[in-house]
Amino acid sequence: MFGGGPVVSSLLQRYTVEPSWLFEREFLIGLALIQSLPGLNFNLSGYFGALALCGPNGQRLLGSFLAYVGIFFPGLLLKNAMIPYWQWIHL
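According to the numbering used here, the sequence shown is numbered sequentially starting from 1245.
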């Protein structure tokens, strides 16, 4: 996908607001806050995770943590699986 954050944010808005997973206002507030940080997709996942587990602050932190783990873990797992074979591949 080409275009970076603006393209992805409009797609995420369509995928989250139209099926009524988020209100338009929640999405726009999160997007406005997260635009100041690097890594739009990763930070939006943490924000969405916090909204998914609405309740006391501890639950929101848990939701945000689980969202970050869910978005970072596959890449870390793949990287760690490839490290032993890197010397063999990289002749």
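Beta carbons are placed, not taken as given, at the ideal position from N, Cα and C, and that holds for glycine. Quantities reported herein were computed from a predicted structural model and do not represent experimental measurements.
Determine the direct distance from the alpha carbon of residue j to that of residue i, and round the result to whole angstroms.
i	j	result
Leu-1281	Arg-1258	22 Å
Leu-1272	Gly-1302	23 Å
Leu-1322	Phe-1316	10 Å
Trp-1332	Leu-1320	20 Å
Trp-1265	Leu-1256	11 Å
Around the Cβ of residue i, are there at least 16 other Cβ atoms within 10 angstroms (buried) or fewer (exposed)?
i	result
Asn-1324	exposed
Tyr-1329	exposed
Can you give me the start and stop residues for the alpha helix (DSSP H) that residue i sits inside?
i	result
Leu-1256	1249-1261
Gly-1274	1268-1278
In chain order, what residues of the same chain lie with their CB nearer than 6 Å to the CB of residue i, ignoring the 5 residues before and after it?
i	result
Ala-1296	Gly-1307
Val-1313	none
Return the chain-ordered list of same chain residues with a C-beta closer than 8 Å to the C-beta of residue i, the five sequence neighbours on each side being excluded.
i	result
Ile-1278	Leu-1284, Asn-1287, Leu-1288, Tyr-1291
Kindly list the residues whose CB is nearer than 7 Å to the CB of residue i, restricted to its own chain and excluding five residues on each side of it in sequence; keep chain order.
i	result
Ala-1311	Ser-1289, Gly-1290, Phe-1292, Gly-1293
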